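Participant:
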Amino acid sequence: QVQLVESGGGLVQAGGTMRLSCTASGTTYPINVMGWYRQPPGKERKFVASINRLGITRYADSVKGQFTAIRHTARNTVSLQMNGLKPEDTDVYYCNGDLRDYGDREYWGPGTQVTVSS
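Quick note, our numbering runs 1 ahead of the 1-based positions in the sequence shown.
Below you can see the structure in the form of structure tokens.
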């Protein structure tokens, strides 16, 4: 069974940096696209960033130049380097792994809380 597990969340002061990491287990396939989403309480999950096996990245407009997605394809691991954090970056961040290329589905991690204090 495929599982994604995030790590690296916590509390940081505004202007600080934080790196989230996510590792997928339970599959021998190299996951094509891995990404990050965020979800405010009571609201829909929103796209943050993604990176594919070739290292091609996509970012939400709100985080361009601030966040960087990093991929370790051989280990099915993705990281999100977050710089210049602001209180409005506070959310639960979820890792996503897309295995639909292999006839499977998308998988999600349980989420990790990121809190930026002012």
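Note that CB positions come from ideal geometry on N, CA and C, so glycine has one too.
If you're wondering where the values come from, they're calculated on a predicted model, not measured in any experiment.
1) Could you tell me how far apart the beta carbons of glutamine 40 and serine 118 are, in whole angstroms, since I believe they sit closer than 8 Å?
2) Short of 6 Å in beta carbon distance, which residues of its chain neighbour glycine 98, apart from the five on each side in sequence? Order them along the chain.
3) Please name the residue in Lys44, Gly85, Cys96, Val49 whose C-alpha comes closest to that of valine 125.
4) Starting from the Cα of leucine 100, find the closest Cα among Thr28, Glu7, Gly10 and give me that residue.
5) Nearest by alpha-carbon distance to aspartate 102: which of Arg54, Arg20, Tyr38 is it?
Facilitator: Straight from the coordinates:
1) What you label residue 40 is simply residue 39 of the sequence shown in a count that begins at 1. What you label residue 118 is simply residue 117 of the sequence shown in a count that begins at 1. The Cβ separation is near 20 Å, so there is no contact.
2) Counted from its first residue, the sequence shown places residue 98 at position 97. If we look at glycine 98 and ignore the five residues flanking it on each side, its Cβ neighbours are Leu5, Ala25, Ile32, Met35, Tyr108.
3) Since the first and last residues shown for the chain are 2 and 119, residue 125 lies out of range.
4) Position 99 of the sequence shown, counted from the first residue, corresponds to residue 100. Looking at the Cα atoms, Thr28 is the closest of the given residues.
5) By one-based count along the sequence shown, residue 102 stands at place 101. The option with the nearest alpha carbon to aspartate 102 is Arg54.
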